[in-house]
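J.: In order, the protein sequence lines correspond to chains A and B.
Here the numbering used here is used: the first residue of the first sequence is 3, the next is one more, and so on.
Here the numbering used here is used: the first residue of the second sequence is 12, the next is one more, and so on.
Quick one: this structure, given as structure tokens, is what I'll be asking you about.
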Amino acid sequence: MLHIENISHVYPNGTRALDAVSLEVPPGMFGLLGPNGAGKSSLMRCIATLQTPTSGAIRFDDIDVLANPEALRRTLGYLPQDFGVYPRVSAYEMLDHIAVLKGYAARGERRTVVEGLLNQVNLWSVRNKALAGFSGGMRQRFGIAQALIGQPRLIIVDEPTAGLDPEESNRFLNLLAEIAESTVVILSTHIVQDVANLCPRTGMLVGGKIVRVGAPLDLIADLRGRIWQKTVDKRQLEAHRAHHDVIATRLSSGRTVIHVLSDSHPGDGFVTAEGSLEDVYFSTLSSLRRAA
Amino acid sequence: MLSQVARFELRYQLASPIFWITSLIFLVLTWTLAISDDLRIGWGGYVARNAPYATATMCMVMAIFAIFIVVAFVSNVILRDDESGFGPIIRSTRLSRFDYLFGRFSGAFAASCLVFLTVPLATLVAAMMPWVDPGTVGPFRPGAYIYVYLVLCVPTLFVLAASFFTLATLTRSMLATYVVAIVVLMLYLLTTTYFARAEFADMAAVLDPFGLSGFRSVTQHWTPAERNTLLPPIADRFLQNRILWLAIAFALLAITWRTFNRQAGSEAKHSNKKPAEEKVEIARPAPAAGPLPRPSQDTQSLGWGPLAALTKFDVLSVVRSPAFIVLLGIAFMNTVVGLWYAGEDSVSINRPVTRIMIKTLIEQFTLMPLIIAAYYAGELVWRDRERRINEIVDATPSADWAFVAPKIVAIAIVLFSMALISVGAALCVQIFKGYFDFELGHYVTWYVLPWLLNMVLYAVLAVFIQMLVPHKFGGLLVVLLVLVAQLSLSKLGFENNLYHFAGHSPVPLSDMNGQGEFARYAAWYRLYWTAFAAILAVLAYALWRRGASSPLKGRLQRLPSRLKGPAGWSIASAAAVMVAVGGYIFYNTNVLNEFRTFNDSTAWLAEYEKQILQLDSVVQPRIVDIKLNVDIYPNDPKVVTRGHYVVENKTDAPMKEVHVGWPRAIELKLFLGPIVVGELHMQSLNVRGARMTRELPDLNYRIYTFDEPLAPGQRTEIHFETVREQIGFRNSNNEMRVVANGTFIDNWQISPLLGANRLILLQDRTVRRKLGLPDEIRPPKLEDDSGRAHHYLRHDSDWINADVTVSSVADHVIVAPGRQVWTKVEGGRRISNFKTESPIQNLFSIQAARYAVKEEKWNDVSLAVFYHPPHVYNVDRMLKAMKASLEYYSENFSPYQFHQLRVVEFPAYSNFAQAFPGTVPYSEAAGFIFDATKPDRIDHITYVTAHETGHQWWAHQVIGADMQGQTVLSETLAQYSALMVMEKMYGIAEIRRFLKASLESYLRGRASDLIGEVPLERVENQAHIRYQKGGLVMYLLKDVMGEEAVNRALRALIEDYAFKPAPYPTSRDLIQRLRAEAAPEHQQLISDLFEKITLYDLKVTGGRTTRLANGKWNVAIDVEARKLYADEKGAETEASLEDAIDIGVFTAEPGKPGFTEDAVLYLQRHAVSSGKHTLNVVVDREPKFIGFDPYNKYVDRYPEDNLRSLADL
């Protein structure tokens, strides 16, 4: 479906945001993981035709995205990481406006689409309220509604759950999961759990490079038996760091739980940990950090 | 702590690019204004460009614009923390509220002051530029710059800074601050236009926040000498003004400190906007879920449905914004006020005819809508980005036109509705003023359509500029710069409308002639610029920012590929239209006509003076008879004149040569306003008995040499045929004299002159120096009798007889000098013949239009008003004034020399009335639409009519020699004559108002005299002396000597000089006859009034009343009197005063409503000398006001202290 070949992007100030990124994205939901500043949004913008990469090629089915961005836009739904709203404009008016931009010329068909979507994302009751007064969750639901206008086959959602409370976040992801059945959905996020829960495939973008691609389960399987866990005191942490490949630490009841990557038992007090996508993610970051 | 905060703030501001950009803008702007020889802010004439007064004026005017500095630097110092989100951090420190607020304020205020330092610096530098005319530069006075900056400007900056700081900090809204800044500017424009009126002057002087009116109130009567040397004092009203505003500023700061709330920050601001509750009542059930349809439209093609929907969205986003409502409200208010006062000044009121309404709308409802158009163009272009919704809409499949086209259409719709609202306002004003002849068609074709097109052109330009400039505010600034550049370019001589965006040839309006052909000419320019705007619109589409970051470079690289297809074709066809129309315009303006700018005119005049004036010593024969056949083709427009002069050698020596010159197209700026002289083509020219021996073709001047010199007393004839014609159209100065309805030409414009034309020579010293002419060209001195050989109108004629036959289209009524001998319609043309019955000046008018005529008889004189049929309002009043004038003048001066007196209306292209023999052409704007029913105004119609009728004696019976004092015998005496008619008709009350206004304009006029002031007897081309001072002088003299004595002197003058050829009388001949009639004690007064520049300083310094035993009141009046003689630059020397001057006691204030003759308890002349005196007067009733020269008959620089209320003393 979506083929990304050797995309590089260098900003005018010299920042290399993307470095020879190649990626194959099949239908369904694809999770793009990466830390802050990894280049996720740059990649999303490139795919969404908002930014022309310095080099490389992007194809969606038979559309050459860079040569013919209009063709992709006809089948694209995009929810940017951060978006604002016009003042004094209601959800209905705004969706209607975007529906016009997406080619719904006739008033009647716009009405069907807008009302259907408002209902789908559960904003029907507040459709005449000014968007500016929406809460974060409502705003994100509005965001997905606008992305869905025009029956897109490619949907890009950039960090959609950042700042949402768990309930809203779940609501949103469920909505996303429904849609993903028939389309390509690229979900860019730094929240590993979201990807683990939703995405049959994932890729990890670090420092502008794709460092891992695969099904989360496969990736986790790769690590099986190599992740070790130990609960230590805070003052012991440095010593452990010195001796082991500590990929992640987290606090638990005031003590520190460390995860260590090791092919063999790392010794004293370590027990095997059930591998998770998070471990995959952190181990990848950790190995990159070491290499650097 | 305060100083640390302030220092930090200052460092912060100095490091920001906007500080340097703003400084640079102010430096360049001020420098440009100061270096210009055309704008002359505060200088000119004898006032040097670096005079303290000029520096002060320039800096104080720039201080108005400092409002932008203050808004940019000071207002947001606190708000910034809310916007950056840093506020809570700062406010949780130990920094005290006082230190925080005023530390920031002081730092930012210091930065503003530093920016404003560029203004005095730029004026200083401008005066030092090597190419500046040294004649306009005075001695360098460093102290003046420091004084102006510190004493005059910094307080204003402080007031502005404090106000906007308070505003922004308390409202927490930069939008509110911007809007108020614009409101203040607009209100300020209001105060300058309306509150500049004399009756509001005192109030404005105190209330003006920028202090300019206060400054004006202390300096308005300053002479050049004072302007060059004195520093404007902070005194009187100016002082009150400064105290008031500084107090307000400190009060505002105190309020900010008291009410500033630390906790209030971004949270507080947002907390009142709760997120919308999801559980809102469900008015309508949600639609059932189901599959959604696919979009039906191919998004890349244009469609009306989407265009309408998107346009509606954009229109709503403009009209819903509060700023729009406020801006529109101000524009509207301003317009209503403007419309209400349209055509009104302190002396007269015009009826609210549609033409005046439209003129006002075009003048006053343009800048603000233009700003709204430019501003909302920026808003709409940047809206998606500012609201961070651009990524969503940019990723939709809509074509780029969907972003550009609806925005332009939306702005056009908004503007159109504004135009309709403004028309509504005009109609309301007309209704309220009781005027019901609504010319809706004129509103549409004269105003709405051209106005809207102009606005839309600018909106497109603004959208396009926003595509190039990577910042909204920057883009708006560039649009404003374009506007300013347009204005200054034309000042600099770049006048071609082909490169003035949206420029077109002017379309003057007239009720008589409508838009004439002018709208058709302008339509070509409009088409040209519309094509250009179409190109800009397509380019804006092609350069549209789409996507995350789109630097201009990238978009320009993509441009060629984006222009493939329809976009490219549209550009190509628009460009083709532009080239074709531009070519056609160029063909008209530069091939069919010669393209001449104002600067070209000036340069030609300099050349004319250099070449021709040296030939002027050759004595010419004089014209004695004129016969003209004038064929007017008003629709071509064209005038063909065939005629001949009979000329005579009136000297006692034979003449070898005759010099013949004729008009060349030039543009002049005279006191009547800009004058356009049309080109005359000499088709044939023959001087009987002479051959052409020299031709100066560019100067329209030929020299003929007689085969046999013309013997003394011998006559010959000059035959000529001329054509005045406009083919095609011009960039400006299209034919305004020969028009379809309202042709008005005078014989100068269609027939030749013998010798040089002195009336067109350049007067302005700076311009003359620049063009290599001597500083001054002045008429002969009063002592130089050579001047008496000619009168001042023209040197080639004394008194002549004329026989004029005029033809025009059949429905025209034709008016020419003398009696209409016959008139007929032949071959579809009206032909009329006129002959003079007594000798006239060789200066007469020919008018032709579809007139209505009202005739009456006065003795054997037929009086007639020729008027545009709807302009019937004042016809009877004019006839009455003509009768009253003829009555008074023929009784007191001499019989009227003609059998007809006519007032003839001409289109409002010029605004004056002028006296030709027996005929007074009178602009439709200058009397025909005056509203004479207002009781508190001077009856301007009667005054003007009486003045022009007065010229039938003073100019058309007695005319002054062409030397100093030339116009005393015409303008001054016509002014006196009119005053006497007014006094007879309306009594002294009307005259008092008139004298007050005259005094005011004389004092203002002398302050900006171009050649230096002279005594009345030596007046040159100085309108304020010959009219205003002349009227004051003659009226005072009449008051002192008695009316009969003055009129006896005038009769004697007529007796000796009426209709006589050279030697012509001078002002001294008048003075001599006045002296003969005056008592010995009045001789000194005559000297002071005519032969010196005399200023009086008469004032009431105190007063007391005591009730006497017999019930009467004794009033003790303390007065102080001084008399001063001034030199040409206004330097004054004290002289001793011995005169009898009015002492008055009143129960009501003279000149104010409610004052009647009954209010005068006492009015007598008392002998006074220089110094302080106390005079006692006994009156019957309780006095309220006391006055020393209470009616302002004397020229007094401080006329307001002549009259005091006893309650104030």
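Glycine residues also receive a C-beta, built at the ideal position from the N, C-alpha and C atoms.
Treat the numbers as computed from the prediction; the structure is a model and nothing was measured.
1. First and last residue of the alpha helix (DSSP H) that includes A:His242?
2. Could you work out which residues of chain B lie near A:Tyr80, taking near to mean beta carbons separated by less than 9 Å?
3. Would B:Ala384 pass as a contact of B:Met466 if the rule is Cβ separation under 8 Å?
4. Hey, quick one: how far does the alpha helix (DSSP H) through B:Met996 stretch, first residue to last?
5. Per DSSP, which residues does A:Ile229 bridge with? Please list them.
6. Quick check: does the Cβ of B:Ile1097 come within less than 7 Å of any heavy atom belonging to the ligand SAH?
7. CA-CA distance, A:Val273 and A:Leu225?
8. To which residues of the same chain is A:Phe62 closer than 7 Å at the C-beta, ignoring the five residues directly before and after it?
9. Going by beta-carbon coordinates alone, are B:Phe221 and B:Met71 separated by less than 8 Å?
10. What does B:Ser304 touch in chain A if you count any residue whose Cβ is under 7 Å from its own?
11. Could you tell me whether the Cβ of B:Leu321 comes closer than 8 Å to any Cβ of chain A?
12. I want to verify the contact list: residues of chain A whose CB lies under 7 Å from the CB of B:Ala413, in sequence order.
13. In terms of DSSP beta bridges, what is B:Ser1216 paired with?
14. Taking the beta carbon of B:Glu278 as the centre, do at least 16 other beta carbons fall within 10 Å, making it buried, or is it exposed?
15. Under 7 Å Cβ to Cβ from B:Gly593, same chain only, skipping five residues before and after it: list those, please.
16. Thinking just about the alpha-carbon of each residue, which of A:Lys211, A:Leu119 and A:Val259 is nearest to the one in A:Glu7?
17. Using three-state DSSP, classify B:Gly1113 as helix, strand or coil.
18. Checking contacts by CB at 8 Å: is A:Arg90 closer than that to chain B?
19. Starting from B:Val1130, follow its DSSP beta bridges and name the residues at the other end.
20. Report the partner residues of B:Gln963 according to the DSSP bridge assignment.
21. If you count every other CB in all the chains shown that lies within 10 Å of the CB of A:Thr286, and 16 or more means buried, which is it?
22. Got a sec: which bits of the stretch 24-53 of chain A sit with their beta carbon under 7 Å from any beta carbon on chain B, in order along the chain?
23. Does the beta-carbon of B:Trp142 have 16 or more other beta-carbons within 10 angstroms, so that it is buried, or is it exposed?
24. Answer with buried or exposed for B:Arg741, where buried requires no fewer than 16 other C-beta atoms within 10 angstroms of its C-beta.
25. Cα separation between B:Val291 and B:Gln15?
26. Using the Cα positions of B:Thr182 and B:Leu196, report the straight-line distance between them to the nearest angstrom.
27. Let me confirm a value: A:Arg237 is counted as buried when at least 16 other C-beta atoms fall within 10 Å, else exposed. Which label applies?
28. At 3 residues or longer, what runs of the beta strand (DSSP E) sit wholly inside the stretch 72-139 of chain B?
29. With burial defined as no fewer than 16 other Cβ atoms inside 10 Å of the residue's Cβ, what is the status of B:Lys945: buried or exposed?
30. Under three-state DSSP, which class holds B:Val471?
31. Suppose you measure from the CA of B:Val217 to the CA of B:Val1126; what does that come to, to the nearest Å?
32. Which chain A residues are close to B:Ser934, counting only those with a beta carbon under 9 Å from its beta carbon?
33. Should A:Ala361 be labelled buried (16 or more other beta-carbon atoms within 10 Å of its own) or exposed?
34. If the cut is a Cβ gap below 9 Å, which residues of chain B does A:Tyr94 touch?
35. Looking at the structure shown, is A:Gly30 part of a helix, part of a strand, or coil, going by DSSP?
36. Determine which residues share a DSSP beta bridge with B:Gln1175 and list them.
T.: In short:
1. Leu239 to His245
2. In chain order: Glu402, Ile403, Asp405, Ala406 and Thr407.
3. yes
4. Leu984 to Tyr997
5. A:Leu263
6. This structure simply doesn't include the ligand SAH, nor any ligand for that matter.
7. Each residue's CA atom was taken as its position, placing A:Val273 and A:Leu225 some 15 Å apart.
8. Counting only residues of its own chain and dropping the five nearest sequence neighbours on each side, A:Phe62 has a CB closer than 7 Å to the CB of Met3, Leu4, Leu74 and Leu156.
9. In this structure, B:Met71 lies closer than 8 Å to B:Phe221 by Cβ.
10. Inspection of the sequence shows that residue 304 of chain B is occupied by Pro rather than by Ser. Correct list: Glu111, Thr114 and Val115.
11. yes
12. Leu103
13. B:Phe1196
14. With a pLDDT of 43 at B:Glu278, under the threshold of 50, the modelled position of this residue cannot be trusted; read the value that follows with caution. Its Cβ having fewer than 16 others within 10 Å, B:Glu278 is exposed.
15. Leu509 and Tyr539
16. A:Lys211
17. strand
18. yes
19. Paired residue(s): B:Val1111 and B:His1184.
20. Paired residue(s): none; B:Gln963 is not in a bridge.
21. With 16 or more other Cβ atoms inside 10 Å of its own Cβ, A:Thr286 counts as buried.
22. Against chain B - using a Cβ distance shorter than 7 Å - the residues of the stretch 24-53 of chain A are Arg47, Ala50, Thr51, Leu52 and Gln53.
23. exposed
24. buried
25. Confidence at B:Val291 is low in this model, with a pLDDT of 49, below 50, so the placement of that residue is unreliable and no value is reported for it.
26. 19 Å
27. exposed
28. none
29. exposed
30. B:Val471 falls in the helix class under three-state DSSP.
31. 32 Å
32. What B:Ser934 touches in chain A: nothing, since even the nearest Cβ is about 51 Å away.
33. Past the edges of chain A, shown from 3 to 294, lies residue 361 of chain A, and the structure says nothing about it.
34. The contacting residues do not exist; A:Tyr94 stays about 11 Å from chain B at best.
35. strand
36. B:Ile1154
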